[in-house]
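Peer 1: Protein chains in written order, with my numbering: chain F, 3 to 285; chain C, -9 to 312. Ideal Cβ positions, reconstructed from N, Cα and C, are used throughout, including at glycine. These figures come from a predicted structure and were not determined experimentally. Quick one: this structure, given as structure tokens, is what I'll be asking you about.
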Amino acid sequence: MEIPPAGPGRATWLKHKANWLRLSAMTMNHHAHLGHTGGDLSSADILAILFLGGILNIDPAQPRWPQRDRFILSKGHGAAAYYSTLAARGYFPVEQLRTYMDPLSMLNGHPDRNKLPGVEANTGPLGHGLPIAVGAALACRMRKESWRVFVLTGDGELQEGSNWEAAMTAQHYGLDNLTMIVDRNRIQQGDFTENTIRMEPLAERFRAFGFAVEEIDGHSSAALYNRLSHLPIEPGKPSCILANTIKGKGVSFAENQPAWHHGVPTSEQLALAAKELGVEVAW
Amino acid sequence: MVSEATNTTGQQRFDCRDAYMHELEAMAAADPRVCAVANDSVSSAKLKNFKARFPDRFVNVGIAEQNMVGVGAGLANGGMVPYVCGASCFLTARAMEQVKVDLCYSKSNVKLCAMSPGMAYGQLGPTHHSIEDLAWMRILPNLTVIVPADPIETAAVMRYSLQHEGPMFLRIARVPVPRVHGSEYEFKLGKAVRLREGSDVTLIANGLLVCRALDAARLLEARGISARVLNMSSLKPLDREAILDAARTTRGIVTAEEALVAGGLGGAVAEVLAQEHPAPMRILGLPDTFAPTGTAEFLLDYFGLSAQGIEHAALDMLKHEA
């Protein structure tokens, strides 16, 4: 695995990696004529920091190593960015990304842990990741082990009540080995979240549910790295990081456009995206 | 396997939850991976003692079944073997998508203990009846579905479940039943238990209906009809060979279950017969309706899920077949 440079070069290095994840995801969606480009782009910096920035204690050579940190992608539709991340981290060859959504591919439209190494939970229907993460955090405690659990949720998916059931359990059991990251891009499939069903004040809601909450810029590699390097936010409480992001981040025509929730780029758009992101995808 | 035929009338009856509870605690004492998840109903799920003995391996998520099943999947991911225990009506209906995705599709090693199923909560009304659960659970790929007939089988299935890798649905009866198996009974997945030999007709039942099927066989014997009785506790996987053998060597099959006719044991048997060896059949269960209010015993009789009801169905089938 490539090691990110220490010091001021780290943020630049991670940003470059995140942009590669963005273009890789867009290329996958382009080839498959299907996908969720907007959310792939909003989550790329978070995924890069976790998997490539050294936050997660994982070993791609042993995907089911019992002591590994668990990462659960609750927003399973962000699969293209996630698969690109797993490939970049070495769980499988990057060339396999070409098979995304092909017949009989291991790379389903939504992740399948029994097909793809590195995937912890089969997600796609929303509101499933946080309960599973809570269960894993409880297992860690029962076993008196020290690994940690991370779950990345969308923001629109917090409209599913199961999240709040799980939030109550997390606070009741004081699961400070659990970190929830919300990809707060403010857009769901049909519209902006606040036009659909109001989410705000989201930070206060999570605080009221017993989480230690911090809002950060979800595209600042430095801010993400600093926060995720110092967990929990508060001992005895589950952590909730509200990562303010931009749906479609990094690609001018996709940014902040609800239509790009599951928009798929044309060849011309893909070329323009590559130029704007300043990276190449060669797989 | 052949056990001795039993006349169950007047026998001592047992709540299968006690057998489940004793076995769960014994397994937890022996295996540190065993844990329990409850949804507030700690007493109904007979987990009070478990909680006292193993407080660190007991999770009560409150009244939150979707979360309960997801938490179970997470516990399994973390290396535990969770027994997720709740009233069957809520565990299945409320958490259906979590059962489908988090357990079955994901192949999570989680054991669902569906308490007080069927019409155990008869007087509480259809909201608390769980007559749909067998159909819902049976259709889910990767899920093993077991409906034990008595306390001995309940305990045997619990022991079996710990060494079975993958999701299981265990339907734990609350309505008291007599013992129909001997104490040496060993559960074999996917194998019907032949409780009584017979050559004229085959009665296939599971759960509460097994003891009634045995009583029906006795009534039929008094009429000179030899009835085979199969305990089909393993609803999935199903013992196709035992079903086909019954179709080949007896004149017809009557199934009986404490569930809707649609999609349950009778449907599973019919799927085998229709494609491989069509045979006369009667399917006993609830018709396409929600049940009225009444005790479980009342409702079972009301829907013909009694020894007499099974006897009459067998006689009717044989009459038409002849």
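#1: So with Cβ pairs under 8 Å, would you call residue 354 of chain C a contact of chain F?
#2: Who pairs with residue 185 of chain F in a beta bridge, going by DSSP?
#3: Rounding to the nearest angstrom, what Cα-Cα distance links residue 92 of chain F and residue 45 of chain F in this structure?
#4: Whole angstroms are fine: how far does the CA of residue 125 of chain F sit from the CA of residue 268 of chain C?
#5: Express the C-alpha separation of residue 151 of chain C and residue 95 of chain C in angstroms, rounding to a whole number.
#6: For residue 270 of chain F, count neighbouring C-beta atoms within 10 Å of its own C-beta (all shown protein chains included) and say buried if the count is 16 or more, exposed if not.
#7: Please list, in chain order, all residues of the same chain as residue 24 of chain C whose beta carbon is under 6 Å from its beta carbon, the five residues on each side excluded.
#8: Which two residues bound the contiguous alpha helix (DSSP H) that contains residue 103 of chain F?
#9: Using a beta-carbon distance cut-off of less than 9 Å, what residues from the region 115 to 131 of chain F approach chain C?
#10: Can you list, in chain order, the residues of the region 159 to 179 of chain F whose Cβ is nearer than 7 Å to any Cβ on chain C?
#11: Looking at residue 252 of chain F and residue 21 of chain F, is the spacing between their C-beta atoms short of 8 Å?
#12: Secondary structure at residue 114 of chain F, three-state DSSP: helix, strand or coil?
#13: Have a look at residue 44 of chain C and residue 97 of chain C and give me their C-alpha separation to the nearest angstrom.
#14: Looking at the strands, I want to know which residues DSSP matches up with residue 161 of chain C.
#15: Just confirm the distance between the C-beta atoms of residue 138 of chain F and residue 121 of chain F, as a whole number of angstroms; I'd bet it's less than 8 Å.
#16: How should residue 144 of chain C be labelled, buried or exposed, when 16 other C-beta atoms within 10 angstroms of its C-beta is the threshold for buried?
#17: Do you know how far the Cα of residue 247 of chain F is from the Cα of residue 186 of chain F?
#18: Helix, strand or coil, according to DSSP, for residue 40 of chain F in the structure here?
#19: Mind pulling the chain F residues with CB within less than 9 Å of residue 99 of chain C?
#20: Taking C-beta to C-beta, are residue 81 of chain F and residue 113 of chain F nearer than 8 Å?
#21: Would you please state the rounded distance, in angstroms, between the beta carbons of residue 164 of chain C and residue 105 of chain C? I believe it to be under 8 Å.
#22: Using a Cβ-Cβ distance cut-off of 8 Å, determine whether residue 72 of chain F contacts chain C.
#23: Taking residue 14 of chain F as the reference, which of F/174, F/105, F/47 and F/236 has the closest Cα?
#24: What would DSSP say about residue 275 of chain C, mapped onto helix, strand or coil?
#25: Jot down the residue ranges of each uninterrupted beta strand (DSSP E) in the region 46 to 113 of chain C, minimum 3 residues, whole runs only, in chain order.
#26: Which residue's Cα is closest to the Cα of residue 140 of chain C: C/306, C/198 and C/156?
#27: Would residue 304 of chain C and residue 206 of chain C be called neighbours here (beta carbons separated by less than 8 Å)?
#28: With a cut-off of 8 Å, does the C-beta of residue 95 of chain C fall near any C-beta of chain F?
#29: Among the candidates C/250, C/307 and C/281, whose CA atom is the shortest distance from the CA of residue 113 of chain C?
#30: Going straight from the alpha carbon of residue 199 of chain F to that of residue 207 of chain F, what length do you get?
#31: Using a Cβ-Cβ cut-off of 8 Å (strictly less than) and excluding sequence neighbours within five positions of residue 101 of chain F, which residues of its own chain qualify?
#32: With 16 as the cutoff for other CB atoms within 10 Å, does residue 231 of chain C come out buried or exposed?
#33: Using a Cβ cut-off of 8 Å, pull out every chain F residue sitting near residue 69 of chain C, in sequence order please.
#34: Please list the partners that residue 136 of chain F has in chain C, where partner means a Cβ-to-Cβ separation under 8 Å.
#35: Please go through the same chain and pick out, in chain order, the residues whose beta-carbon is closer than 8 Å to the beta-carbon of residue 6 of chain C, but skip the five residues on each side of it.
#36: Rounded to whole angstroms, what's the CA-CA distance from residue 277 of chain F to residue 69 of chain F? Just pull it up for me.
Peer 2: Taking the geometry as given:
#1: The structure shown has nothing for residue 354 of chain C, since chain C only spans -9 to 312.
#2: Under DSSP, residue 185 of chain F takes part in a beta bridge, and its partners are F/156 and F/245.
#3: In this structure, the alpha-carbon of residue 92 of chain F lies about 19 Å from that of residue 45 of chain F.
#4: Near 41 Å, if we compare the C-alpha coordinates of residue 125 of chain F and residue 268 of chain C.
#5: Computed Cα separation, rounded: 19 Å.
#6: With fewer than 16 Cβ atoms within 10 Å of its Cβ, residue 270 of chain F is classed as exposed.
#7: Once the five neighbours on either side are set aside, the close Cβ partners of residue 24 of chain C are 17, 18 and 71.
#8: Here residue 103 of chain F belongs to no alpha helix (DSSP H), and DSSP marks it neither H nor E.
#9: Here the close residues are 115, 116, 122, 123, 124, 125, 126, 127, 129, 130 and 131.
#10: Identification of residues in the region 159 to 179 of chain F having a C-beta nearer than 7 Å to some C-beta of chain C yields 164, 167, 168, 170 and 171, given in sequence order.
#11: For residue 21 of chain F and residue 252 of chain F, yes; Cβs fall inside 8 Å.
#12: The answer is coil: DSSP assigns residue 114 of chain F none of H, G, I, E or B.
#13: Cα to Cα, the separation comes out at about 26 Å.
#14: Answer is C/104.
#15: About 14 Å separates the two Cβ atoms, so there is no contact after all.
#16: Residue 144 of chain C is buried by the Cβ-count criterion.
#17: In this structure, the CA atom of residue 186 of chain F is about 6 Å from the CA atom of residue 247 of chain F.
#18: Three-state result, residue 40 of chain F: helix.
#19: None at all; the shortest Cβ gap to chain F is about 12 Å.
#20: Yes, the Cβ-Cβ distance between residue 81 of chain F and residue 113 of chain F is below 8 Å.
#21: For a cut-off of 8 Å, the C-beta gap from residue 164 of chain C to residue 105 of chain C is around 7 Å, short enough to register as a contact.
#22: Chain C contact via Cβ: present.
#23: Ranking the options by Cα distance to residue 14 of chain F, first place goes to F/47.
#24: Strand.
#25: When DSSP assignments are scanned along the region 46 to 113 of chain C, the uninterrupted stretches of beta strand (DSSP E) that are 3 or more residues long and fall wholly within it turn out to be 48 to 50, 71 to 77 and 101 to 105.
#26: Nearest Cα to residue 140 of chain C within the set C/306, C/198 and C/156: C/198.
#27: Cβ atoms of residue 304 of chain C and residue 206 of chain C: closer than 8 Å.
#28: For residue 95 of chain C, the answer is yes, since a Cβ of chain F falls inside 8 Å of its Cβ.
#29: That would be C/281, whose Cα lies nearest to the Cα of residue 113 of chain C.
#30: Rounded to whole angstroms, residue 199 of chain F to residue 207 of chain F spans 14 Å at the Cα level.
#31: Only 107, 108 and 109 meet the Cβ criterion.
#32: With fewer than 16 other CB atoms across the displayed protein chains lying within 10 angstroms of its CB, residue 231 of chain C is exposed.
#33: Against chain F, a Cβ distance below 8 Å from residue 69 of chain C picks out 68, 141 and 145.
#34: At a C-beta separation below 8 Å, residue 136 of chain F has these neighbours in chain C: 57, 60, 61 and 64.
#35: Same-chain partners within the cutoff: 138, 140, 141, 144, 162, 163, 164 and 167.
#36: Looking at the backbone, the Cα of residue 277 of chain F and that of residue 69 of chain F are separated by about 41 Å.
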